[in-house]
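Asker: Structure below; questions to follow.
There are 2 protein chains.
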Amino acid sequence: MKEKAVPKYMQVKQEIQAWFHNGTVKPGDLMPSENELAERFGVSRQTVRQAFGELEGEGWLSRIQGKGTFVSAPQAGHGEIVRTVGLITTYISDYIFPHIVRGAEAALRSKGYRLLLSSTDNDKGREREALEMMLGQPLSGLIIEPTKSAEGNPNLDLYLALEYRGIPYIMLNEQYPELDGPCLKTDDALGGCLAVRHLLALGHEKIAGFFKMDDMQGVNRLKGFRQAYREKGLAIQPDLVVQYTTEEKGAKPLETALALLSRENGRPTALVCYNDELAVQLMEIIRQSGLSVPEDVAVVGFDDSSLATATETKLTTLTHPKSVMGQEAVELLLRMIEGKLSKPKGKLYTPELIVRSSTKR
Amino acid sequence: MKEKAVPKYMQVKQEIQAWFHNGTVKPGDLMPSENELAERFGVSRQTVRQAFGELEGEGWLSRIQGKGTFVSAPQAGHGEIVRTVGLITTYISDYIFPHIVRGAEAALRSKGYRLLLSSTDNDKGREREALEMMLGQPLSGLIIEPTKSAEGNPNLDLYLALEYRGIPYIMLNEQYPELDGPCLKTDDALGGCLAVRHLLALGHEKIAGFFKMDDMQGVNRLKGFRQAYREKGLAIQPDLVVQYTTEEKGAKPLETALALLSRENGRPTALVCYNDELAVQLMEIIRQSGLSVPEDVAVVGFDDSSLATATETKLTTLTHPKSVMGQEAVELLLRMIEGKLSKPKGKLYTPELIVRSSTKR
DNA sequence: CGGTACAACATGTACATACAACATAAATTA
DNA sequence: TAATTTATGTTGTATGTACATGTTGTACCG
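Protein chains in written order, with the numbering used here: chain A, 1 to 361; chain B, 362 to 722.
Dropping the structure here:
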């Protein structure tokens, strides 16, 4: 997955396009001269010319020999009503995201809107690409699942461009702290809390937790995990809390689990997993360790995905709105688009614990 | 006599345009290389490039790195560049379809195209809705997975509209018999054949097959199923072939399997399942019948989905290109869009048998 | 015979230079 | 003062070089 081959003139072009979006330059303005930009970007004048040439071809700029280069007025559209909504998720193919997409698509189709889809693979650079691509043509509104929401927002300028252009948008699952638009999410802290309360009520004391810490969902689920302990006046054994990132998810949590499970004493009797995907992997690890679920080790997942019931031992997990979230996001967004909403408010879904056969005692 | 103000690149451009008009070159032709023209016109390669660049922008030429410059088909371009590709699948959220979408999205994003997504839920009415919606605004091309491809095509008029408007399209998985566009699919008959051959080689004789018959994939997989029997000179026991439709898939195959497995004598020793999804469900049925996989009953699935390895008993299954199919569909479509393909041809993927622990003896 | 490696050639990117054409404002001149 | 010239800065044209990247056919090798 290496695509570092972005030509300079393309970078220049995108940078300049960003100026249009965020209002650095306005229609009618005189652009800096080719030579000045060349020096500012550290490229040759020819390279700037190539970028300008494409932008002129696309109608963003108009050049007048001897005078300078000007920003074109936003082509007063063909008057056509745009009925297209963008959806940017972190992943498309994995896990619960297809259900979110599905819910959104169904709701949009029933309203006569088209769905533009893109994904970021949890990479902020790709998030930028996706936003720029969507902004390149007319758009009614946007639904975005933030990328690595716990780590800041380098694409803030593009979100401001959205607001500048009056395109409403909604966040899914988490909100960037820098922004204040509406957001639909689950009460992840409560979910973590419910999971641990359930296990404590079953008599478990050594409960290990595995959380992905580069998005707010993991952070909040861990927060709930700790809160449940506090409620009981218990202290958490630090080495039973495993934190990892997206990049590490293929190995670190599995290896750590294997190490924890092979302990002679102090072996955890229950695992709280960041999501069902990890839970299923850890159940496999448990089997390989010669232990069984739920007799030796109880397991709790998150999201109530299809994986939860595909395995032989059905997984105890917490619900996630999934397709309902996609659907309601669209409904809220369409009301914002149609201007029928004064102050859009997000929604906090309350997760429910589904007790199946992976927890006991 | 100061009319010498015609730039060289403009003269070159006009000269080349004359070739289009007087038939010196025809659409699809390969233009002489930049270097050759530069020499012929007595100008530098850069000057030729500038002329070519404008002609490309106006739609006369298309350039392919490494191959050459080609004369475009005369399309009544509104000049406006549309870079949006539609993708219509039967389902979005389930099974292998997210992977196809993912492959397509990644390929499109890297080429600067946007992806319009819709789904039909395997319903021809919704397929019509989706097509109409996509046709409602400018579109570069379309990738479609046919709905119930074994049952005819009531939306033929819309496909003809696509051709009339010069919008290229590609079929996935199956092709409507009425149409003859390019199609990417797997060799499902071979897949069915491989599955049965494998089981016969293991000594199984009573092999039951479960096939969804309202799309061509199921029909072809059954065809391969029967062919493998013929090769061995064996006859198929008719009641071991279970056919069902999308609407029946929730109950009929499961109930029939339960009935077959509870037979005193004549119980099948192996099941060939339309796909992994059904295979996992049938493995559950087998467990409920007090039997085990693969000791009592062997199971073969199709598509090598994530379900195949999520279960305790890993599933023997046949590969499906999945995301590669989405990616290659996009690559083919973009070449068609850019007019760089004279006669687009589909592709037939060869499935491979992945032997895991669900087959034995 | 089939696969690999490589050479040849196509377009793509980047930089450099030089001068021409044009617009504008300041300086000069009638 | 008004017209003209000049200086300066802009984009436009033209050419050069160099290397990167993608495609294709051929020669080679197993």
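Think of the CB as a built atom: it goes at the ideal place given N, C-alpha and C, for glycine as much as any other residue.
To the nearest angstrom, how far is the alpha carbon of A/Gln227 from that of A/Val219?
Answerer: Computed Cα separation, rounded: 12 Å.
Asker: Any Cβ of chain A within less than 8 Å of the Cβ of B/Leu476?
Answerer: So, interface residue.
Asker: Start and end of the alpha helix (DSSP H) containing B/Val716?
Answerer: Per DSSP, B/Val716 belongs to no alpha helix (DSSP H) and is neither H nor E.
Asker: In or out: A/Val355 buried (at least 16 other Cβ within 10 Å) or exposed?
Answerer: Under this definition A/Val355 is an exposed residue.
Asker: How is the beta strand (DSSP E) around B/Phe571 delimited, first residue to last?
Answerer: It spans Ile568 to Lys573 - the beta strand (DSSP E) in which B/Phe571 sits, taken as one unbroken run.
Asker: Taking 8 Å as the CB-CB cut-off, is B/Glu490 touching chain A?
Answerer: Yes, B/Glu490 lies at the interface with chain A (some Cβ there is under 8 Å from its Cβ).
Asker: Confirm, please, whether the CB-CB distance from A/Leu117 to A/Val101 is below 8 Å.
Answerer: Yes, Cβ-Cβ distance for A/Val101 and A/Leu117 is below 8 Å.
Asker: Does DSSP put B/Leu398 in a helix, in a strand, or in coil?
Answerer: B/Leu398: helix per DSSP, three-state reduction.
Asker: Let me check understanding here. Comparing Cα to Cα, which of B/Leu601, B/Ala522, B/Leu551 and B/Glu616 lies closest to B/Gly502?
Answerer: Comparing Cα-Cα distances from B/Gly502 to each of B/Leu601, B/Ala522, B/Leu551 and B/Glu616, the minimum goes to B/Ala522.
Asker: What do you reckon, are the CB atoms on B/Thr508 and B/Pro682 nearer than 8 Å?
Answerer: No; because the gap between Cβ atoms is not below 8 Å, this pair is not in contact.
Asker: Check the C-beta distance from A/Leu318 over to A/Ala195 and give it rounded, since I have them as a contact under 8 Å.
Answerer: With a Cβ gap of about 6 Å, A/Leu318 and A/Ala195 count as contacting.
Asker: Buried or exposed: which applies to A/Lys13, given that a residue is buried once 16 or more other Cβ atoms fall within 10 Å of its Cβ?
Answerer: Its Cβ being crowded by 16 or more others within 10 Å, A/Lys13 is buried.
Asker: Taking DSSP as the reference, what is the three-state secondary structure of A/Thr435?
Answerer: Past the boundaries of the shown model lies residue 435 of chain A; chain A is included only from 1 to 361, so the question cannot be answered.
Asker: Can you tell which of B/Lys567, B/Gly662 and B/Ser684 has the C-alpha that lies nearest to the C-alpha of B/Val602?
Answerer: Taking only the C-alpha atoms, the option nearest B/Val602 is B/Lys567.
Asker: Indicate whether at least one CB of chain A lies closer than 8 Å to the CB of B/Gln410.
Answerer: It should be noted that the sequence gives Arg, not Gln, for residue 410 of chain B. It does not: the Cβ of B/Arg410 has no partner Cβ on chain A nearer than 8 Å.
Asker: Let me make sure I understand the geometry here. Which of A/Phe210, A/Met336, A/Asn122 and A/Tyr176 has the alpha-carbon closest to that of A/Gly192?
Answerer: Closest option to A/Gly192, Cα to Cα, is A/Phe210.
Asker: Measuring alpha carbon to alpha carbon, tell me which residue in B/Lys706, B/Asn396 and B/Phe413 is nearest B/Arg406.
Answerer: Nearest of B/Lys706, B/Asn396 and B/Phe413 to B/Arg406, Cα basis: B/Asn396.
Asker: Among the candidates B/Leu469, B/Ala465 and B/Glu506, whose CA atom is the shortest distance from the CA of B/Asp482?
Answerer: The shortest Cα separation from B/Asp482 among B/Leu469, B/Ala465 and B/Glu506 belongs to B/Glu506.
Asker: What is the C-beta distance between B/Ser684 and B/Gly464, in whole angstroms, given that I count them as a contact (C-beta under 8 Å)?
Answerer: Contact flag correct, Cβ pair sits at about 3 Å.
Asker: Report the neighbours of B/Thr450 on chain A: residues whose CB is nearer than 8 Å to its CB, in chain order.
Answerer: Neighbours of B/Thr450 on chain A: none; closest Cβ ~10 Å, over 8 Å.
Asker: Between B/Glu699, B/Leu709, B/Leu694 and B/Cys634, which has its C-alpha nearest B/Glu466's C-alpha?
Answerer: Nearest of B/Glu699, B/Leu709, B/Leu694 and B/Cys634 to B/Glu466, Cα basis: B/Leu694.
Asker: Can you tell me whether B/Ala379 is buried or exposed? The criterion is at least 16 other CB atoms within 10 Å of its CB, across all chains shown.
Answerer: By the 10 Å Cβ count, B/Ala379 comes out exposed.
Asker: Please classify A/Gln65 as buried or exposed, where buried requires at least 16 other C-beta atoms within 10 Å of its C-beta.
Answerer: Flag for A/Gln65 reads exposed.
Asker: Measuring only the C-alpha atoms, how far is A/Arg40 from B/Phe381?
Answerer: Going by the C-alpha atoms only, they are around 42 Å apart.
Asker: With three or more C-beta pairs closer than 8 Å as the rule, is the segment 640-659 of chain B touching the segment 490-499 of chain B?
Answerer: Too few Cβ pairs lie closer than 8 Å, so no.
Asker: Between the C-alpha atoms of A/Ala310 and A/Gly53, what's the straight-line distance to the nearest angstrom?
Answerer: C-alpha separation (whole angstroms): 55 Å.
Asker: Rounded C-beta distance between A/Val299 and A/Ala279? I'm assuming under 8 Å.
Answerer: Contact flag correct, Cβ pair sits at about 5 Å.
Asker: Short check: CB of B/Gly707 to CB of B/Cys544, under 8 Å?
Answerer: For B/Gly707 and B/Cys544, yes; Cβs fall inside 8 Å.
Asker: Report all residues from its chain with a CB closer than 6 Å to the CB of A/Thr246; omit the five preceding and five following residues, and keep chain order.
Answerer: For A/Thr246, where only same-chain residues beyond five positions count, the Cβ hits under 6 Å are Asn122 and Asp214.
Asker: In angstroms, rounded to a whole number, what distance separates the CA positions of A/Arg361 and A/Glu338?
Answerer: One C-alpha to the other measures close to 53 Å.
Asker: Mind pulling the alpha helix (DSSP H) runs of 4 or more residues that sit fully within the segment 107-176 of chain A?
Answerer: Segments of the alpha helix (DSSP H) lying fully in the segment 107-176 of chain A: 124-135 and 156-164.
Asker: Going along chain B, which residues have a C-beta under 7 Å from A/Leu184?
Answerer: The premise fails here: A/Leu184 is roughly 18 Å from chain B at the closest Cβ pair, so nothing lies under 7 Å.
Asker: Less than 8 Å separating the beta-carbons of B/Gly498 and A/Arg114?
Answerer: What sits at residue 498 of chain B in the sequence shown is Gln, not Gly. Going by C-beta atoms, B/Gln498 is nearer than 8 Å to A/Arg114.
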